[in-house]
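These notes concern the structure reproduced below.
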Amino acid sequence: MTTISSPSARRGRRARQSGGDAVFAGVSLAAGIAILVVLAGVAVFLIVQSVPAFSAAKSDIPGAGSLLGYLAPLAFGTVLSAVLALLFAVPLAVAIALFITHYAPRRLAQALGYLVDLLAAVPSVVFGLWGIFWLAPKLVPLYLWLNDNLGFLPIFGSPSVTGRTILTASLVLAVMILPIVTAICREVFLQAPKLQEEAALALGATRWEMIRMAVLPFGRAGIVSGAMLGLGRALGETLAVALVLSVDPTLITANLIGTTNPSTIAANIALQFPESFGVSVNILILSGLLLFVITFVVNLAARTIVAKSAVKV
Amino acid sequence: MSPRGPRYGSRTQRQLPNWFLGVTGVGSVVVGTAGALGLGGGPVACVVLALVIFVIGSSGIAIAVEGRRRGINRLATILVCTAFGIAMVPLVSVVYVVIKNGLARFDVQFFTYSLSGVIGAGGGAYHAIVGTVYITLLTAVISVPIGILCSIYLVEYGRGPLARAITFFVDVMTGIPSIVAGLFAFALFELVTQDPGYRSGLAGAVALSVLMIPVVVRSTEEVLRLVPAELREASYALGTRKWKTIVRIVLPTAIGGIVTGVTISIARVTGETAPLLLTAGFSNATNTNLFDGRMANLPEYIYFQFTNPGVPVQAGVDRAWTAALVLIMIVMLLNLLARLVARIFRPKIS
Chain Z
1 MTTISSPSAR RGRRARQSGG DAVFAGVSLA AGIAILVVLA GVAVFLIVQS VPAFSAAKSD
61 IPGAGSLLGY LAPLAFGTVL SAVLALLFAV PLAVAIALFI THYAPRRLAQ ALGYLVDLLA
121 AVPSVVFGLW GIFWLAPKLV PLYLWLNDNL GFLPIFGSPS VTGRTILTAS LVLAVMILPI
181 VTAICREVFL QAPKLQEEAA LALGATRWEM IRMAVLPFGR AGIVSGAMLG LGRALGETLA
241 VALVLSVDPT LITANLIGTT NPSTIAANIA LQFPESFGVS VNILILSGLL LFVITFVVNL
301 AARTIVAKSA VKV
Chain Y
314 MSPRGPRYGS RTQRQLPNWF LGVTGVGSVV VGTAGALGLG GGPVACVVLA LVIFVIGSSG
374 IAIAVEGRRR GINRLATILV CTAFGIAMVP LVSVVYVVIK NGLARFDVQF FTYSLSGVIG
434 AGGGAYHAIV GTVYITLLTA VISVPIGILC SIYLVEYGRG PLARAITFFV DVMTGIPSIV
494 AGLFAFALFE LVTQDPGYRS GLAGAVALSV LMIPVVVRST EEVLRLVPAE LREASYALGT
554 RKWKTIVRIV LPTAIGGIVT GVTISIARVT GETAPLLLTA GFSNATNTNL FDGRMANLPE
614 YIYFQFTNPG VPVQAGVDRA WTAALVLIMI VMLLNLLARL VARIFRPKIS
């Protein structure tokens, strides 16, 4: 009796003891898998809901009358505004990161970093209001001047009198992505090898020469990936653009300071969605899917660069 | 004049004095203001022109007097400091503009009345504040357990391809545009309810959870990895089970960092507008039922009060600014709280 029951009893106790472990491991695994399910869900639901768009009648598609003709201007506006924002934000972010890591007094540096981070705390709709009421009117004289003096360039065509142009929208976007690009550059610059920096200074290099020789080459991959992450943010930014831009969603133009501007995918969804029904909702979801794919590719590229550089470090 | 020739100059040789930047600064402000006013520009043009003259002028003088290398060094220093100053312009002006315009309606009525039945001036944002609190709380209830458990899996259990896949897709999820999250929740609830007009606080919370979960996972994972392995090993050596080690040792050690991360992620989703535009709908009346009916919230309130201000226009725009002030105050307070928590609990982690 005892010889038979004791092993099974021991096994039973062991099973009961590790029961808590098994449950806990199972629950946390389930949470991990839930994330995969949600992400798959995002892709699947967007695809399912955008399929009807392909069989939409021509009269249901606003503007050009074909899906491609509808999506192309939106994709153009999205990429244009995001790339412009990046052009403004990246040099500024690199300089700010250098200021915080290599120029500011060490005691102040962290507090100054918080100040830049605070920009990330301002909600996008508030940036939209700020863009319309504060930034746009201040840029109108600049746009008039640009048109007067550089009007022969196609990017400075007939200027807007409200200032609600794609250049203004890009500036707002640049402000919004500044914190994330700065944060990543800061982190990378802090990791630059101290010995090399000190060696450069000891050899008589000025501070700028030291930065050019020791810090920037080390941080190049970090700058690029930070820029890509910022690009991903700028591509998907919605309400700031929807509020600031005065749009014509069918327009493709090189004029950055015009009265009507190309819309972006995200802003177009926000503006059109409340009045849409039936198949036009499916068309909007299709454009959302396109945006999802674009940002996915950009983020993927950023992560790959980070991963590769991490191996090198 | 100098006894030593410039070519063999020591460090102090041919160096501009400290007051040099002050002189060029004042000079360029004067010249820049005069020039901009002469050309018919406004105060902004004055500042910009003065700045350009300052940068070019002082680095030009420095290059001429101190030599090319030191001059370029000065130019870089000036540019880097200017860049930081430029970044402060939007921050300061956003805060200034929002406070200036927001104070007009920052009164008791704004916090105690909804917009139900309000035409023209008056009314408040009570319904939107209530809605924002409800939706954000539900979002946190959905996201925080999933996020923390997922990061526990990644740090304590996850090995092999599945853990790598989850890490990768959490990164992907961080990059999902907020409007796409809104479209997802809309598509999900349309399929479930078969009603394209379905709007509720629940749908909004689901959309926001898609944005919040990856932030919680990332921040929690980071602090869990900071918990020293010795603590875990000591616990195992005493015969404690793994799950009990995690619950009793790892989580309490990291609790400060976890709370900080969760607070920051809540702050992030509180300001999200786009997903709620597609999922939560908007109403002028107070609705406290998360599962039924349109639910107002502060970000959408700002958007609609600005785009559809009604008559007179100024009343609606004033309400939008005050709501923006309230929203910024909530988000900044949450951020401040997160920093405080991080500071209080810091010694425990390290």
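Chains as they are written, first to last, in the working numbering: chain Z, 1 to 313; chain Y, 314 to 663.
For each residue, glycine too, the CB sits at the ideal point set by N, CA and C.
Considering only their Cβ atoms, is the gap separating residue j from residue i smaller than 8 Å?
i: L467(Y); j: V27(Z); result: no
i: A580(Y); j: V644(Y); result: yes
i: A85(Z); j: I177(Z); result: yes
i: V241(Z); j: T259(Z); result: no
i: P137(Z); j: V279(Z); result: no
i: L646(Y); j: I442(Y); result: no
i: V630(Y); j: F619(Y); result: yes
i: T295(Z); j: G232(Z); result: yes
i: P123(Z); j: L640(Y); result: yes
i: A637(Y); j: V421(Y); result: no
i: G69(Z); j: I479(Y); result: no
i: V368(Y); j: T395(Y); result: yes
i: G444(Y); j: G514(Y); result: yes
i: T101(Z); j: L190(Z); result: yes
i: A389(Y); j: W208(Z); result: yes
i: T452(Y); j: S522(Y); result: yes
i: A72(Z); j: I492(Y); result: no
i: A111(Z); j: S225(Z); result: no
i: V494(Y); j: L524(Y); result: The question names Val, but residue 494(Y) is Ala in the sequence shown. A contact, by the Cβ cut-off of 8 Å.
i: Y470(Y); j: A34(Z); result: no
i: F419(Y); j: T635(Y); result: yes
Out of the options, which has the shortest C-alpha to C-alpha gap to residue i?
i: L271(Z); options: S246(Z), L139(Z), T295(Z); result: S246(Z)
i: G400(Z); options: T206(Z), E187(Z), L243(Z); result: In this structure chain Z extends from 1 to 313, so residue 400(Z) is not present and cannot be described.
i: I568(Y); options: E535(Y), D631(Y), N597(Y); result: E535(Y)
i: V161(Z); options: I155(Z), L142(Z), G151(Z); result: L142(Z)
i: T304(Z); options: A234(Z), M228(Z), V38(Z); result: M228(Z)
i: T599(Y); options: T592(Y), M608(Y), L591(Y), G552(Y); result: M608(Y)
i: D484(Y); options: S513(Y), L515(Y), L521(Y), S532(Y); result: S532(Y)
i: E197(Z); options: L36(Z), T182(Z), F218(Z); result: F218(Z)
i: V44(Z); options: E585(Y), T566(Y), L504(Y); result: L504(Y)
i: E237(Z); options: F292(Z), A22(Z), P62(Z), S55(Z); result: F292(Z)
i: L496(Y); options: R477(Y), A400(Y), M525(Y), A593(Y); result: A593(Y)
i: V357(Y); options: W332(Y), W556(Y), I399(Y); result: I399(Y)
i: P62(Z); options: D248(Z), I257(Z), A307(Z), A254(Z); result: D248(Z)
i: D117(Z); options: A22(Z), A82(Z), V126(Z), A93(Z); result: A93(Z)
i: S158(Z); options: G204(Z), L256(Z), P91(Z), R220(Z); result: L256(Z)
i: F595(Y); options: H440(Y), T558(Y), E469(Y), Y549(Y); result: H440(Y)
i: L428(Y); options: N597(Y), V344(Y), M525(Y), G606(Y); result: N597(Y)
i: L29(Z); options: S464(Y), N602(Y), L329(Y), I385(Y); result: S464(Y)
i: G570(Y); options: I657(Y), E546(Y), F397(Y); result: I657(Y)
i: V244(Z); options: Y103(Z), L46(Z), S81(Z), V42(Z); result: S81(Z)
i: S341(Y); options: N331(Y), M486(Y), A363(Y); result: A363(Y)
Could you check if residue i belongs to the surroundings of the ligand NAP, using beta carbon to heavy atom distance under 7 Å?
i: P588(Y); result: Although the ligand NAP was asked about, the structure shown includes no ligands whatsoever.
Please report whether the beta-carbon of residue i lies at a distance below 8 Å from any beta-carbon of chain B.
i: G20(Z); result: The question asks about chain B, but that chain is absent: this structure's protein chains are Z and Y.
| Chain-ordered residues of the segment 547–575 of chain Y with a beta carbon less than 9 Å from chain Z | R554, K555, W556, K557, I559, V560
| field | Within 8 Å of chain Z by C-beta, residues of the segment 473–485 of chain Y in sequence order | value | L475, A476, A478, I479, F481, F482, V483, D484, V485
| said: When you compare the segment 398–406 of chain Y with the segment 571–580 of chain Y, are there three or more beta-carbon pairs, one atom per stretch, that lie closer than 8 Å? | reply: no
| query | With contact counted as at least three CB pairs below 8 Å, one residue from each stretch, are the segment 283–291 of chain Z and the segment 94–110 of chain Z in contact? | reply | When C-beta atoms of the segment 283–291 of chain Z are compared with those of the segment 94–110 of chain Z, fewer than three pairs fall below 8 Å, so the two segments do not count as touching.
| query | Just checking, does the segment 430–437 of chain Y make contact with the segment 492–500 of chain Y on the three C-beta pairs under 8 Å criterion? | reply | Judged by Cβ distances under 8 Å, the segment 430–437 of chain Y makes no contact with the segment 492–500 of chain Y, as fewer than three pairs qualify.
| What beta strand (DSSP E) runs, 3 residues minimum, are completely inside the segment 574–656 of chain Y? | none
| task | Could you name the residues of the segment 252–273 of chain Z whose beta carbon sits closer than 7 Å to any beta carbon of chain Y, in the order they occur along the chain? | result | A266, I269, A270, F273
| query | According to a CB-to-CB cut-off of less than 8 Å, which residues of the segment 53–78 of chain Z neighbour chain Y? | reply | none
| task | Note down, one range per segment and in chain order, each alpha helix (DSSP H) of at least 4 residues found wholly within the segment 344–430 of chain Y. | result | Within the segment 344–430 of chain Y, the complete alpha helix (DSSP H) segments of 4 residues or longer fall at 356–379, 381–415, 421–425, listed in chain order.
| task | Flag this pair as touching only if the segment 164–178 of chain Z and the segment 125–140 of chain Z have three or more C-beta atom pairs under 8 Å; answer yes or no. | result | yes
| query | Taking Cβ-Cβ distances below 7 Å as the criterion, which residues of the segment 177–197 of chain Z are in contact with chain Y? | reply | L178
| request: Return the residues of the segment 449–473 of chain Y that lie within a Cβ-Cβ distance of less than 9 Å from chain Z, sorted by chain order. | output: Cβ contacts with chain Z: P458, I459, G460, I461, L462, C463, S464, I465, Y466, L467, E469, Y470, G471.
| said: Below 8 Å, how does it come out for the segment 373–391 of chain Y and the segment 141–158 of chain Z: are there three or more Cβ pairs, yes or no? | reply: no
| task | Please specify which runs of the alpha helix (DSSP H), each continuous and at least 4 residues long, are wholly inside the segment 65–129 of chain Z, giving them in chain order. | result | 67–98, 106–121
| Residues in the segment 93–117 of chain Z with C-beta within 9 Å of chain Y's C-beta atoms, listed in sequence order? | A93, V94, A95, I96, L98, F99, I100, H102, Y103, A104, L112, Y114, L115, V116, D117
| request: Kindly confirm or deny that the segment 195–210 of chain Z and the segment 150–159 of chain Z touch, where touching means at least three C-beta pairs closer than 8 Å. | output: Judged by Cβ distances under 8 Å, the segment 195–210 of chain Z makes no contact with the segment 150–159 of chain Z, as fewer than three pairs qualify.
| field | Segments assigned alpha helix (DSSP H), at least 4 residues, entirely inside the segment 167–247 of chain Z | value | 194–202, 207–210, 216–236, 239–244
| task | Could you list the residues in the segment 520–537 of chain Y with a C-beta less than 9 Å from some C-beta on chain Z, going in chain order? | result | S522, V523, I526, P527, V530
| query | When you check each C-beta in the segment 142–169 of chain Z against every C-beta of chain Y, which residues fall closer than 7 Å? | reply | none
| task | Give the residues from the segment 203–227 of chain Z that approach chain Y closer than 8 Å (Cβ to any Cβ), ordered along the chain. | result | T206, R207, W208, E209, I211
| Between the segment 604–625 of chain Y and chain Z, which residues of the former have a C-beta closer than 9 Å to a C-beta of the latter? | L611, P612, E613, I615, Y616, F619, T620
| message | At 4 residues or longer, what runs of the alpha helix (DSSP H) sit wholly inside the segment 467–518 of chain Y? | response | 473–487, 491–506
| Residues of the segment 366–395 of chain Y with Cβ closer than 7 Å to any Cβ of chain Z, in chain order | R382, R383, I385, N386, A389, T390, L392, V393, C394
| Residues from the segment 642–656 of chain Y in contact with chain Z, defined by Cβ distance under 8 Å | V644, M645, N648, R652
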